[in-house]
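Presented below is the structure to which this report refers.
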Amino acid sequence: MENTQKKTVLSCIQPSGALTLGNYLGALKNWVQMQDEFDCTYAVADLHAITVRQEPSKFRAQINSTCALLLALGIDPEKSTLFVQSQVPSHTQLAWVLSCYTQFGELSRMTQFKDKSAKHADNVNLGLFAYPTLMAADILLYKPDFVPVGADQKQHLEIARDIAIRFNNIYGDVFKVPEPYIPKVGARVMSLQDPQKKMSKSDENANAWVAILDKPEDIMRKFRRAVTDSEAKVCVGEGRDGINNLIGIYSAVTGKSADAIAAEFEGKGYGDFKTAVGEAVIEELRPIRERYEQIIADKAYLEEVYKKGAERAARVAFSTTRKAMKKVGFVI
Ligand code: TYM
Numbered sequence: 077m078e079n080t081q082k083k084t085v086l087s088c089i090q091p092s093g094a095l096t097l098g099n100y101l102g103a104l105k106n107w108v109q110m111q112d113e114f115d116c117t118y119a120v121a122d123l124h125a126i127t128v129r130q131e132p133s134k135f136r137a138q139i140n141s142t143c144a145l146l147l148a149l150g151i152d153p154e155k156s157t158l159f160v161q162s163q164v165p166s167h168t169q170l171a172w173v174l175s176c177y178t179q180f181g182e183l184s185r186m187t188q189f190k191d192k193s194a195k196h197a198d199n200v201n202l203g204l205f206a207y208p209t210l211m212a213a214d215i216l217l218y219k220p221d222f223v224p225v226g227a228d229q230k231q232h233l234e235i236a237r238d239i240a241i242r243f244n245n246i247y248g249d250v251f252k253v254p255e256p257y258i259p260k261v262g263a264r265v266m267s268l269q270d271p272q273k274k275m276s277k278s279d280e281n282a283n284a285w286v287a288i289l290d291k292p293e294d295i296m297r298k299f300r301r302a303v304t305d306s307e308a309k310v311c312v313g314e315g316r317d318g319i320n321n322l323i324g325i326y327s328a329v330t331g332k333s334a335d336a337i338a339a340e341f342e343g344k345g346y347g348d349f350k351t352a353v354g355e356a357v358i359e360e361l362r363p364i365r366e367r368y369e370q371i372i373a374d375k376a377y378l379e380e381v382y383k384k385g386a387e388r389a390a391r392v393a394f395s396t397t398r399k400a401m402k403k404v405g406f407v408i
């Protein structure tokens with residue numbers, strides 16, 4: 077009852093391998109912080125992850141490990157609803173309905189579809205194409221005010237808003253039209269090896285990305301090898317993608333502004349700066365890794381958390397699905 081006045085938040089993450097510093101700074105850090113002010117619902121988007129092939133036993137382990145990591149980061153199942161997407165059937169049900177209100181042309185324009193279909197040319201499946209309608213269902217089911225995501229998900233959020241508006245224009249006020257919630261710094265963490273590309277766990281070069289659970293020595297090595305430029309001056313500048321990215325990471329972790337960072341490293345070389353970024357990231361992630369080790373060892377606790385979460389989520393999700401389907405004319 078006490079949460080009824082709070083604004084609501086929904087977000088999801090795919091369990092497709094190790095979560096990265098990009099996931100953390102772009103989205104998960106906000107997920108944790110938003111729990112006090114908002115009524116939050118968070119899901120492990122396992123249905124989205126099979127748009128590319130997954131090895132079953134590894135996939136199962138990744139779903140568990142993603143849940144454990146979210147708990148280790150500080151998602152509190154007493155405050156927020158945490159669940160696994162495939163355990164709430166309304167997601168796929170509403171996704172089908174919404175897909176009939178989504179145009180082929182608008183899905184064809186999605187940059188993630190273009191990127192992923194180029195990368196997995198041997199498996200350009202219907203799910204990969206329809207992905208944004210499932211994501212729209214994930215969101216619209218819970219009527220959130222805000223959706224905390226990194227900048228790469230903005231286009232998907234816009235299509236979810238368009239679908240909601242289109243549906244509401246036909247049937248009246250069924251869905252809430254949500255707002256993206258994108259951090260000022262850390263919204264797009266770039267590869268440490270090719271800073272024009274987004275930091276991604278699917279990068280073949282392991283030095284390009286930092287996993288939240290990486291060991292301190294690996295984190296330090298990756299930052300020390302980060303690609304920069306020959307200017308040897310720690311300050312933000314146009315075209316200085318490598319150094320801009322490191323400043324963004326350092327700023328997101330320490331809360332210092334870009335100007336304060338430039339002043340701190342005035343007259344110092346890139347070596348000092350990279351070490352400082354590595355140390356700040358190591359200290360930020362250290363307690364998370366320690367908590368994760370405890371939680372992942374307790375399978376019974378994990379299962380209890382997402383079973384309860386799914387029950388709670390299913391009630392809300394079913395009620396929205398029912399309302400939307402009734403409006404369309406289904407006998408439900
Ligand atoms: P996913 O699983 O790829 O990423 C989870 C979150 O991490 C953010 N992120 C980044 N932020 C900054 N820099 C980066 N390099 C970086 N890499 C990832 C993403 O923006 C995202 O917020 N389609 C979504 C999952 C999803 C979802 C939803 C999100 C499914 N349903 C409903 C919000 C609402 C995805 O693939 O995110």
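Residue numbering for the sequence shown follows my numbering, starting at 77 and increasing by one per position.
C-beta atoms are modelled at their ideal positions from N, C-alpha and C, and glycine is treated no differently.
It should be emphasised that the depicted structure is a prediction, and the values quoted were computed from it without experimental measurement.
### Query
Identify the residues that DSSP records as bridge partners of Asp-115: which are they?
Here residue 115 refers to the residue found at position 39 of the sequence shown. Answer by DSSP bridge pairing, in chain order: Thr-84.
### Message
If you follow the alpha helix (DSSP H) that Val-329 is in, where does it begin and where does it stop?
### Response
On the sequence shown, residue 329 is found 253 positions in, with the first residue counted as 1. Residues 317–330.
### Task
Can you have a look at Asn-199 and say buried or exposed, based on whether 16 or more other CB atoms are within 10 angstroms of its CB?
As a first step, residue 199 is located in the sequence shown; it is residue number 123 there, counting from the start. Around the beta carbon of Asn-199, fewer than 16 other beta carbons lie within 10 angstroms, which makes this residue exposed.
### Task
Measure how close the beta-carbons of Lys-350 and Leu-322 come, nearest whole angstrom, since I'm counting them as under 8 Å.
As a first step, residue 350 must be located in the sequence shown, where it is residue number 274. As a first step, residue 322 must be located in the sequence shown, where it is residue number 246. Taking the Cβ atoms as the reference, Lys-350 lies roughly 7 Å from Leu-322, within the contact range of under 8 Å.
### Status (buried if at least 16 other CB within 10 Å, exposed otherwise) for Ala-393
Taking the sequence shown and counting its residues from 1, the one referred to as residue 393 is at position 317. Buried: at least 16 other Cβ atoms inside 10 Å.
### Task
Check whether the Cβ of Val-329 lies closer than 7 Å to any heavy atom of the ligand MN, and answer yes or no.
In terms of ligand content, the structure shown lacks the ligand MN and carries the ligand TYM instead.
### Query
Between the Cα of Val-173 and the Cα atoms of Asp-214, Leu-146, Phe-222, which residue gives the shortest distance?
Within the sequence shown, the letter at position 97 stands for residue 173. Comparing C-alpha distances from Val-173 to each of Asp-214, Leu-146, Phe-222 shows the shortest one belongs to Asp-214.
### Task
With distances taken Cα to Cα, identify the nearest neighbour of Gly-102 among Cys-88, Asp-115, Glu-113.
Along the sequence shown, read from residue 1 onward, the residue named residue 102 stands at position 26. Nearest C-alpha to Gly-102: Cys-88.
### Message
Between Thr-117, Gly-98, Asn-99, which has its C-alpha nearest Lys-82's C-alpha?
### Response
For this step, residue 82 is matched to residue 6 along the sequence shown. Ranking Thr-117, Gly-98, Asn-99 by Cα distance to Lys-82 puts Thr-117 first.
### Message
For a test of the three-state rule: what should DSSP assign to Ala-121, helix, strand or coil?
### Response
Translated into positions along the sequence shown, residue 121 becomes position 45. Under the three-state reduction of DSSP, Ala-121 is assigned to coil, being neither helix nor strand.
#### Entry: Residue of Val-85, Gln-111, Met-401, Ala-94 minimising C-alpha distance to Gly-248
For this step, residue 248 is matched to residue 172 along the sequence shown. Taking the Cα of Gly-248 as reference, the smallest distance to any Cα among Val-85, Gln-111, Met-401, Ala-94 is reached at Met-401.
#### Entry: Best match in Val-265, Ser-333, Val-310, Glu-293 for proximity to Arg-362 [C-alpha to C-alpha]
Here residue 362 refers to the residue found at position 286 of the sequence shown. Closest in C-alpha terms to Arg-362, from the list Val-265, Ser-333, Val-310, Glu-293, comes Glu-293.
### Query
What does a CB cutoff of less than 6 Å around Ala-212 pick up in its chain, not counting 5 residues either side in sequence?
Along the sequence shown, one-based indexing puts residue 212 at 136. Leu-174, Ala-236, Ile-239, listed in sequence order.
### Message
I'd like to know whether the C-beta atoms of Asp-317 and Met-266 end up nearer to each other than 8 Å.
### Response
As a first step, residue 317 is located in the sequence shown; it is residue number 241 there, counting from the start. As a first step, residue 266 is located in the sequence shown; it is residue number 190 there, counting from the start. In this structure, Met-266 lies closer than 8 Å to Asp-317 by Cβ.
### Message
Check this for me: beta carbons of Cys-143 and Val-120, under 8 Å apart or not?
### Response
Start at 1 with the first residue of the sequence shown, and residue 143 comes out as number 67. Start at 1 with the first residue of the sequence shown, and residue 120 comes out as number 44. Val-120 is positioned such that its CB atom lies closer than 8 Å to that of Cys-143.
### Message
Am I right that Thr-84 and Asp-112 are in contact with their C-beta atoms under 8 Å? What's the rounded C-beta distance?
### Response
Your numbering for residue 84 matches position 8 in the sequence shown. Your numbering for residue 112 matches position 36 in the sequence shown. Here Thr-84 is actually not in contact with Asp-112; their C-beta atoms are around 14 Å apart, not less than 8 Å.
### Query
Ordered along the chain, which non-local residues of its own chain (more than five positions away) have a Cβ less than 8 Å from that of Glu-307?
As a working mapping, residue 307 is identified with position 231 in the sequence shown. Taken in chain order, the residues that qualify are Gly-313, Arg-316, Ile-319.
### Query
Any heavy atom of the ligand TYM closer than 7 Å to the Cβ of Gly-98?
Along the sequence shown, one-based indexing puts residue 98 at 22. Yes - the ligand TYM has a heavy atom lying nearer than 7 Å to the Cβ of Gly-98.
### Query
Taking the runs of the beta strand (DSSP E) that are 3 residues or longer, which of them lie wholly in the segment 124–172?
Unbroken beta strand (DSSP E) runs of no fewer than 3 residues, entirely contained in the segment 124–172, are found at 157–160, following chain order.
### Query
Going by the C-beta, is Ile-215 closer than 7 Å to any heavy atom of the ligand TYM?
Along the sequence shown, read from residue 1 onward, the residue named residue 215 stands at position 139. It does: the Cβ of Ile-215 is within 7 Å (strictly closer) of some heavy atom of the ligand TYM.
### Query
Could you give the C-beta distance for Lys-291 and Phe-251, rounded to a whole number, given that I count them as a contact under 8 Å?
Within the sequence shown, numbered from 1, the residue matching residue 291 stands at position 215. Within the sequence shown, numbered from 1, the residue matching residue 251 stands at position 175. 44 Å between Cβ atoms; not a contact.
### Query
Around the C-beta of Gly-98, are 16 or more other C-beta atoms found within 10 angstroms, so that it is buried, or is it exposed?
Numbered from 1 along the sequence shown, position 22 holds the residue referred to as residue 98. Under this definition Gly-98 is a buried residue.
### Task
Starting from the C-beta of Asp-152, find all residues in its chain whose C-beta is less than 7 Å away, skip the five residues before and the five after it, and write them out in chain order.
Counting from 1 along the sequence shown, the entry for residue 152 is found at position 76. If you ignore the 5 residues before and after Asp-152, its C-beta comes within less than 7 Å of the C-beta of Gln-111, all in its own chain and listed in chain order.
### Task
Following the continuous beta strand (DSSP E) through Ala-223, name the residue where it begins and the one where it ends.
Within the sequence shown, the letter at position 147 stands for residue 223. The amino acid occupying residue 223 in the given sequence is Val; Ala does not appear at that position. Note, Val-223: beta strand (DSSP E), 222–224.
### Message
Quick check: what's the CA-CA separation for Ser-92 versus Gly-343?
### Response
Within the sequence shown, residue 92 is the residue found at index 16, counting from 1. Within the sequence shown, residue 343 is the residue found at index 267, counting from 1. Rounded to the nearest angstrom, the two C-alpha atoms are 42 Å apart.
### Query
Three-state secondary structure (DSSP) at Glu-182?
On the sequence shown, position 106 is the one that residue 182 refers to. Helix.
### Task
Would you mind sorting Val-407 into buried or exposed? The rule is 16 or more other CB atoms within 10 Å of its CB.
Along the sequence shown, read from residue 1 onward, the residue named residue 407 stands at position 331. Exposed is the call here.
### Task
Would you check whether the ligand TYM has a heavy atom nearer than 7 Å to the C-beta of Val-225?
Position 149 of the sequence shown, counted from the first residue, corresponds to residue 225. Under cutoff, so the answer is yes.
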